[in-house]
Amino acid sequence: MSFILRWLAAFLLLSATFNPGKYNYLGWSRANWPDQMPIILFCGLLLLTGYIIYLRATLRSIGVFGMTLILALAGSLTWVLADLGLLSLDNPTLNTWLGLLALSLVLGIGLSWSLVRRRLSGQADVDDVDE
Numbered sequence: 034m035s036f037i038l039r040w041l042a043a044f045l046l047l048s049a050t051f052n053p054g055k056y057n058y059l060g061w062s063r064a065n066w067p068d069q070m071p072i073i074l075f076c077g078l079l080l081l082t083g084y085i086i087y088l089r090a091t092l093r094s095i096g097v098f099g100m101t102l103i104l105a106l107a108g109s110l111t112w113v114l115a116d117l118g119l120l121s122l123d124n125p126t127l128n129t130w131l132g133l134l135a136l137s138l139v140l141g142i143g144l145s146w147s148l149v150r151r152r153l154s155g156q157a158d159v160d161d162v163d164e
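With positions in the sequence shown counted from 1, the corresponding number in my numbering is that position plus 33.
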């Protein structure tokens, strides 16, 4: 359950920043920059803080190779589903959501990987502090 919450938080972070709908940070900030600059900067810093937390944890736990591997797995799964006719990639909106899903999986797995590794192996990471 904790992985699902971490993944959902990553998905919300990414989709709040950009999504194909009309409610996202990038669209809102472009449309309202002159009038709402202070709140736009504040919200941007909140999003940046979330990205730093997720990216730092992901890079420390699975690294660039792990991130690339997860994206490759998600891409190959998409390819298989499209090849089997279960998924159509003609819709750019769906493609954007699939990209957000793949990126959120990378961040969710990256944030959760140390906990998964500790449960599977019974060994703590060097960076772990006594709990």
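Each residue gets a CB set at the ideal place from its N, CA and C atoms; glycine is no exception. Quick caveat: nothing in here was measured; it's all calculated off a predicted structure.
ask   = Rounded C-beta distance between L80 and T50? I'm assuming under 8 Å.
value = For this step, residue 80 is matched to residue 47 along the sequence shown. For this step, residue 50 is matched to residue 17 along the sequence shown. At roughly 6 Å, the Cβ-Cβ gap stays under 8 Å, so L80 and T50 are in contact.
inquiry  = Give me the residue from G99, L134, L78 and I86 with the minimum Cα distance to Y58.
reply    = As a working note, residue 58 is residue 25 in the sequence shown. Closest by alpha carbon: L78.
ask   = Helix or strand or just coil, what does DSSP make of W66?
value = Taking the first residue of the sequence shown as position 1, residue 66 is located at position 33. If DSSP states are grouped into helix, strand and coil, W66 belongs with coil.
task = Can you tell me which of L88, A90 and L133 puts its alpha carbon nearest to the alpha carbon of G54?
result = Position 21 of the sequence shown, counted from the first residue, corresponds to residue 54. Just measuring C-alpha positions, the residue of L88, A90 and L133 sitting nearest G54 is L133.
ask   = Quick one: what's got a C-beta closer than 7 Å to L122's C-beta in the same chain, skipping five residues either side?
value = The residue you call residue 122 lines up with position 89 of the sequence shown. Here L122 has A115 and N128 as same chain residues with Cβ atoms under 7 Å from its own Cβ, once five neighbours each way along the sequence are excluded.
ask   = Roughly how many angstroms lie between the CA atoms of F36 and Q69, to the nearest whole one?
value = What you label residue 36 is simply residue 3 of the sequence shown in a count that begins at 1. What you label residue 69 is simply residue 36 of the sequence shown in a count that begins at 1. Rounded to the nearest angstrom, the two C-alpha atoms are 36 Å apart.
Nearest neighbour of R39, chosen from P67, C76 and T91 [CA to CA] = To locate residue 39, count along the sequence shown from 1; it is residue 6. R39 has its Cα closest to that of T91, out of P67, C76 and T91.
inquiry  = What does the alpha-carbon distance come out to for the pair S94 and F75?
reply    = The count along the sequence shown starts at 1 and reaches residue 94 at position 61. The count along the sequence shown starts at 1 and reaches residue 75 at position 42. Separation of S94 and F75 (C-alpha to C-alpha, rounded to the nearest whole angstrom) is 29 Å.
message = Looking at the secondary structure, which residues open and close the alpha helix (DSSP H) in which I142 lies?
response = Start at 1 with the first residue of the sequence shown, and residue 142 comes out as number 109. Its alpha helix (DSSP H) spans residues P125 to S154.
request  = Any chance you could list the alpha helix (DSSP H) runs of at least 4 consecutive residues sitting entirely within the region 46 to 120, in chain order?
outcome  = Complete alpha helix (DSSP H) runs here, min 4: 58 to 65, 70 to 94 and 96 to 116.
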